[in-house]
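Only one structure is covered here, and it is reproduced in the block below.
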Amino acid sequence: MSSQPPARRSLFWRSRRFWFAAVVVVVLGAGGVWRLLDQVDLPEEITNPLANTSLICDASVPVGTCSIDNAAGQIFSGTESSPLAYDDIPMVVKQAVVASEDRKFFEHQGLDPFGIARGLYQNSKGGGSLQGGSTITQQYVKLAYLTNKRSLVRKVQESVLAIKLERSMTKQKILENYLNQAFYGRSATGIEAAARVYFDKPASELTASEAAFLVGLVRNPARAEPTEHQETAVQVRNSVLAAMVEEGYLPKADYEREKKLLVVTSDRQAGDVNRNTPRNFTGIPKDLKDAGYEFILVQARDQAKKLLGGDAQAKELVNEGGVRIYTTINPEWQKKAYAAIYGRLPDPAGDPDGAMVTLDKFGAVRVMVGGRDYDRSQVNLALGSEGGGSGRQPGSTFKAIVLAEYIRQGYSLDSTYDAPPRLMVPGANIDGTDWKVDNYGFLDAGRVTVRQATKKSINTAYAQMMETVTPEQVVKLAAELGLGKFNPDPSLVLGTSEVSPEALAAAYLTFDNDGTYTEPFLVSHIDGPDGTKLWDVGDTGNITRRSVMDPAVAKSVSSALRGVVTDDGSGRNSALAITQSAGKTGTTQDSRDAWFAGFTCNIANVVWMGYPAGQQKMTNVDGEKTVTGSNVPARIWHDLMSQVADDDPGCEFAVANGGPKVETGPDQPRIPVTDKDGNLVLDDEGVPEYAGPFGVPGVPTDGGAAAGGSSSTGTTGGSSSGSGTSPTGAGPSLSTSGGSSSTGGGSPAGSTTDGSAPANPEPPAPEATAAPTPTSDAPPAPEVGDTTGGTTGGTTDGSTTGGTGDTGGTADGSDAG
Numbered sequence: 001m002s003s004q005p006p007a008r009r010s011l012f013w014r015s016r017r018f019w020f021a022a023v024v025v026v027v028l029g030a031g032g033v034w035r036l037l038d039q040v041d042l043p044e045e046i047t048n049p050l051a052n053t054s055l056i057c058d059a060s061v062p063v064g065t066c067s068i069d070n071a072a073g074q075i076f077s078g079t080e081s082s083p084l085a086y087d088d089i090p091m092v093v094k095q096a097v098v099a100s101e102d103r104k105f106f107e108h109q110g111l112d113p114f115g116i117a118r119g120l121y122q123n124s125k126g127g128g129s130l131q132g133g134s135t136i137t138q139q140y141v142k143l144a145y146l147t148n149k150r151s152l153v154r155k156v157q158e159s160v161l162a163i164k165l166e167r168s169m170t171k172q173k174i175l176e177n178y179l180n181q182a183f184y185g186r187s188a189t190g191i192e193a194a195a196r197v198y199f200d201k202p203a204s205e206l207t208a209s210e211a212a213f214l215v216g217l218v219r220n221p222a223r224a225e226p227t228e229h230q231e232t233a234v235q236v237r238n239s240v241l242a243a244m245v246e247e248g249y250l251p252k253a254d255y256e257r258e259k260k261l262l263v264v265t266s267d268r269q270a271g272d273v274n275r276n277t278p279r280n281f282t283g284i285p286k287d288l289k290d291a292g293y294e295f296i297l298v299q300a301r302d303q304a305k306k307l308l309g310g311d312a313q314a315k316e317l318v319n320e321g322g323v324r325i326y327t328t329i330n331p332e333w334q335k336k337a338y339a340a341i342y343g344r345l346p347d348p349a350g351d352p353d354g355a356m357v358t359l360d361k362f363g364a365v366r367v368m369v370g371g372r373d374y375d376r377s378q379v380n381l382a383l384g385s386e387g388g389g390s391g392r393q394p395g396s397t398f399k400a401i402v403l404a405e406y407i408r409q410g411y412s413l414d415s416t417y418d419a420p421p422r423l424m425v426p427g428a429n430i431d432g433t434d435w436k437v438d439n440y441g442f443l444d445a446g447r448v449t450v451r452q453a454t455k456k457s458i459n460t461a462y463a464q465m466m467e468t469v470t471p472e473q474v475v476k477l478a479a480e481l482g483l484g485k486f487n488p489d490p491s492l493v494l495g496t497s498e499v500s501p502e503a504l505a506a507a508y509l510t511f512d513n514d515g516t517y518t519e520p521f522l523v524s525h526i527d528g529p530d531g532t533k534l535w536d537v538g539d540t541g542n543i544t545r546r547s548v549m550d551p552a553v554a555k556s557v558s559s560a561l562r563g564v565v566t567d568d569g570s571g572r573n574s575a576l577a578i579t580q581s582a583g584k585t586g587t588t589q590d591s592r593d594a595w596f597a598g599f600t601c602n603i604a605n606v607v608w609m610g611y612p613a614g615q616q617k618m619t620n621v622d623g624e625k626t627v628t629g630s631n632v633p634a635r636i637w638h639d640l641m642s643q644v645a646d647d648d649p650g651c652e653f654a655v656a657n658g659g660p661k662v663e664t665g666p667d668q669p670r671i672p673v674t675d676k677d678g679n680l681v682l683d684d685e686g687v688p689e690y691a692g693p694f695g696v697p698g699v700p701t702d703g704g705a706a707a708g709g710s711s712s713t714g715t716t717g718g719s720s721s722g723s724g725t726s727p728t729g730a731g732p733s734l735s736t737s738g739g740s741s742s743t744g745g746g747s748p749a750g751s752t753t754d755g756s757a758p759a760n761p762e763p764p765a766p767e768a769t770a771a772p773t774p775t776s777d778a779p780p781a782p783e784v785g786d787t788t789g790g791t792t793g794g795t796t797d798g799s800t801t802g803g804t805g806d807t808g809g810t811a812d813g814s815d816a817g
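Position 285, counted from 1, in the sequence shown is what full-length UniProt numbering calls 285; the numbers after and before it change by one each time, with no gaps.
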């Protein structure tokens, strides 16, 4: 294997450095040294903690001005390791660094111009050992005091400070400081940390070969990372070993033996050392730390690594390279959002947790509340797997996706469905089992339009819509909207597969943006340590946008969701006085998750709340006996959006009715099952079982049938006896009795064990002629059917009825991994 060193700088740069060295010699020889020394002051301590410290700034800081004074946080550089005193640094390390970096270190006075020339000449020839240009003193000055920006002016500063430093600091102290402050990769600063990270041993136990490898790493740690670049790692080590042989520090026989071996390090990988603890970030202003900023800093850091390539070099650049990362977060909105959530959930011991994501019209993340306290749990509840969790079941907020597919296939919001207390679809589940869907309180809603079914969140109507468009098509649309890949299970209509608040916000933003999906982004710009642009969101190809649906479809969905937040809609607690809004509530089985997802004409915002472990019902919170999407989350949404609406120009949503096809669903059977003695057959909750599936889908027409009316011919009924036909007569627009009453229809509903969709936690909506003006403290809006419809044994994608805990695998919500 070749023992040539890693690729060297261009001939141009080497030549420029050679001539610069010659100029320095002339200047110093002419007495210029005294003028330079008089003009440059040496601080009492030459330290620059920001030389390799990356900073993260929010949207209030203009690009190009991010500094320690206005940063939202500093990325902590290096592992925690006690510096070694000079006498404790093993001799083999001292020999390796002197031989490879500065052979005249103990003889010169800070500069070695002829050494620079000699090194350039030797390196241009090639050969066994690599010889450095700058002295160790110069390298320490650059490391501890100067920036990484390359220029002749900075080189003059480096040279003069090196001379001045040698007048006030011993050679031993300079070498000690250099070895303790040099960066070795894998988040290790200092030779002691490097020895433990790479070889699981203290520096005192390093072999000559191991010391040579670590010393050689300092020039470019990422390029010689053994797990990714083994050949380069061997070259780097062998070059230092060759230099040690030339200086008489190592027998040639040892070199010949060691140079043939691979560089074998510990199992620790670059970036694994304390990269996911609060200690990774320092300098967080108190008001931002109190607003949950650690979650944002972690996500911004991780996104920056991906944007810069995602390899080891990108990780090291972000972790320790002095980059400046600009985010899209509005710090004032963030503080208001955190206060909106935890003002209503003040008790960390008893109250559930919450999360929120706010997107502007361009997809920029303006707010990200990932949880109450990062020190308590590092799982970002605003994200799914990207944040260390799995997401949560969205409940009836997913109905908006089904509605979009329904309209996309050309159906009208004026279509009507008979919405009985329970529907059963034999064999509809993906595993072939029967699918049962209940309305909350076993309510018989009668015949309702799709617009009314959306406003009241009626489960049995939406179950029929799902069958009309098919789960397969809904799954495709969900993927196009960035929600993930789901199995085509009909229970998806009730939100049984996990999503994240951020993903749901992006999906709802699509309705606001006339059908164009925009992938959310948190990082807007990245600069290198010298101010050079490394990445910008405005550059071509850096934003993911795609047209998912026709603008007319998006407007119709928005129009239907507008009804949810008005009058007696299920989400009226979210309504804003300043501007119009639209949205949807969501609640899962046993109130384990509660959501409100909504938008104005320029801002999409999603609120989630629940216990991170995912198995606890939310009761007695914020004055509510049972938490549902229509009460506490809707109020939280209102609390923030009413404060930021001044920044939103506002608008009115167009009234749209969807496509031309008006479907009239069949009348559904309401025949209770009896045993051989004539007694009602009850399920495990005491609710009567009903016979028969719902009937053949109605015949769509191209007319514009009025809500509650019918313009289609009769269709075959669905009674268990299979006899007769049932006319599709017009039913009441919303009725608590329906076409025919059912025995025991008012029985309470709860969680089920027979595969039925569990009951909606929201109470049924009474008929009302007028609704009071909504306020943030108004009583919960009635919501007829808002629950995750479970299937027997849970969904086939691994989720269980009621949702999985977003915990990363532990019961307390902490990150197990």
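Backbone N, C-alpha and C fix where the C-beta goes; we use that ideal spot for every residue, glycine too.
**Message:** Do Trp595 and Thr454 count as a contact pair if the criterion is CB distance below 9 Å?
**Reply:** No, the pair does not count as a contact, with Cβ atoms beyond the cut-off.
**Request:** Please classify Asn280: does DSSP put it in a helix, a strand, or coil?
**Result:** DSSP places Asn280 in helix when its eight states are reduced to three.
**Prompt:** Which of helix, strand or coil does DSSP assign to Val448?
**Reply:** Strand, per DSSP.
**Message:** I need the boundaries of the beta strand (DSSP E) containing Met91, first residue and last residue.
**Reply:** Judged by DSSP secondary structure, Met91 falls outside any beta strand (DSSP E) and instead within the alpha helix (DSSP H) spanning 91-101.
**Asked** Are Gly190 and Ala224 touching if we call contact CB-CB under 9 Å?
**Response** For Gly190 and Ala224, no; Cβs fall outside 9 Å.
**Request:** Please go through the same chain and pick out, in chain order, the residues whose beta-carbon is closer than 6 Å to the beta-carbon of Val236, but skip the five residues on each side of it.
**Result:** Hits under 6 Å: Gly216, Ala224.
**Message:** Let me check one thing: in DSSP terms, what residues is Val523 bridge-paired to?
**Reply:** In the DSSP assignment, Val523 forms a beta bridge with Thr327.
**Selection from Lys361, Gly441, Ile526, Met244 that minimises the alpha carbon distance to Cys66** = A check of alpha carbon separations from Cys66 across Lys361, Gly441, Ile526, Met244 identifies Ile526 as the nearest.
**Asked** Counting Cβ pairs closer than 8 Å, one from the region 583-598 and one from the region 557-573, do we hit at least three?
**Response** Contact between the region 583-598 and the region 557-573 is present, with at least three C-beta pairs closer than 8 Å.
**Inter-residue Cα distance where the pair is Thr775 and Gly678** = For Thr775, the predicted model reports a pLDDT of 36, less than 50, meaning its position is unreliable; a value from the coordinates is still stated below. A straight line joining the alpha-carbon of Thr775 with that of Gly678 spans about 50 Å.
**Asked** When we look at the beta-carbon of Ile68 and count the other beta-carbons within 10 Å, is it buried (16 or more) or exposed?
**Response** By the neighbour-count rule (16 or more Cβ atoms within 10 Å), Ile68 is not buried but exposed.
**Request:** Take Phe213 as the anchor and find which of Gly292, Ala96, Leu165, Met91 has the nearest alpha-carbon.
**Result:** Out of Gly292, Ala96, Leu165, Met91, Ala96 has the C-alpha closest to the C-alpha of Phe213.
**Prompt:** Where do the ends of the beta strand (DSSP E) carrying Val621 lie?
**Reply:** For Val621, the uninterrupted beta strand (DSSP E) segment begins and ends at 619-621.
**Alpha-carbon to alpha-carbon, Ser497 and Ala656** = Inter-residue distance for Ala656 and Ser497 is about 29 Å (C-alpha atoms, whole angstroms).
**Item:** Cβ-based burial, Val681 [other Cβ within 10 Å; buried from 16]
**Value:** Label assigned to Val681: exposed.
**Request:** Using the Cα positions of Pro490 and Arg422, report the straight-line distance between them to the nearest angstrom.
**Result:** In a straight line, the C-alpha of Pro490 is about 15 Å away from that of Arg422.
**Message:** Here's the rule I'm using: 16 or more other beta-carbon atoms within 10 Å means buried, otherwise exposed. How should Thr619 be labelled?
**Reply:** Result: exposed.
**Asked** Do the CB positions of Tyr411 and Glu228 come within less than 9 Å of each other?
**Response** No, these two residues do not count as a Cβ contact at 9 Å.
**Asked** What residue range is occupied by the uninterrupted beta strand (DSSP E) comprising Gln109?
**Response** Segment: none, Gln109 is in no beta strand (DSSP E) and carries neither H nor E.
**Request:** Taking only the alpha-carbon atoms, compute the straight-line gap between Arg408 and Lys306 and give it to the nearest angstrom.
**Result:** Arg408 and Lys306 have their C-alpha atoms spaced approximately 35 Å apart.
**Prompt:** What do you reckon, are the CB atoms on Tyr406 and Gly658 nearer than 9 Å?
**Reply:** If you check the CB distance, Tyr406 and Gly658 come in under 9 Å.
**Prompt:** Between which two residues does the alpha helix (DSSP H) carrying Gly216 extend?
**Reply:** Note, Gly216: alpha helix (DSSP H), 208-217.
**Message:** Give me, in chain order, the residues of the same chain whose beta-carbon lies closer than 7 Å to that of Ala340; leave out the 5 immediate sequence neighbours on both sides.
**Reply:** So the list reads Ile636, Asp639, Leu640, once near-sequence residues are dropped.
**Local conformation of residue 835 per DSSP, three classes** = With the chain covering only 1 through 817, there is no way to say anything about residue 835.
**Prompt:** How about Val548 and Thr510: are their beta carbons less than 9 Å apart?
**Reply:** Result yes, Cβ atoms of Val548 and Thr510 sit closer than 9 Å.
**Message:** I'd like to check one pair, Leu381 with Gly73: are the Cβ atoms closer than 9 Å?
**Reply:** No, the Cβ-Cβ distance between Gly73 and Leu381 is not below 9 Å.
**Request:** Determine the closest residue to Arg545 out of Ser642, Asn513, Leu55, Ile325, with distance taken between C-alpha atoms.
**Result:** Residue Asn513 is the option with its Cα nearest to Arg545.
**Prompt:** In three-state terms, what does DSSP make of Lys625?
**Reply:** Collapsing the DSSP output to three states places Lys625 in a strand.
**Message:** Quick check on Gly692: buried or exposed, where buried means 16 or more other Cβ atoms within 10 Å of its Cβ?
**Reply:** Here Gly692 scores only 48 on pLDDT, less than 50, and its place in the model should not be relied on; the value that follows carries that caveat. Looking at its Cβ environment, which holds 16 or more other Cβ atoms inside 10 Å, Gly692 is buried.
**Beta-carbon proximity check, Ser570 vs Ser415, cutoff 9 Å** = No.
**Prompt:** Do the CB positions of Ala99 and Glu246 come within less than 9 Å of each other?
**Reply:** Yes. Within cutoff.
**6 Å CB neighbourhood of Gln138 in its chain, flanking five on each side removed** = Excluding positions up to five away in sequence, the list reads Glu158, Ala162.
**Request:** Just tell me which of Val475, Asp438, Lys171, Leu345 has its CA closest to the CA of Gly623.
**Result:** Closest in C-alpha terms to Gly623, from the list Val475, Asp438, Lys171, Leu345, comes Leu345.
**Request:** On a CA-only basis, which of Ser266, Asp302, Leu262, Val264 is nearest Phe281? Give me that one, please.
**Result:** The shortest Cα separation from Phe281 among Ser266, Asp302, Leu262, Val264 belongs to Asp302.
**Request:** Just mark Phe106 as buried or exposed, buried being the case when its beta carbon has 16 or more other beta carbons within 10 Å.
**Result:** Under this definition Phe106 is an exposed residue.
**Whole-angstrom C-beta distance between Gly495 and Gln589, which should lie under 8 Å** = With a Cβ gap of about 10 Å, Gln589 and Gly495 do not count as contacting.
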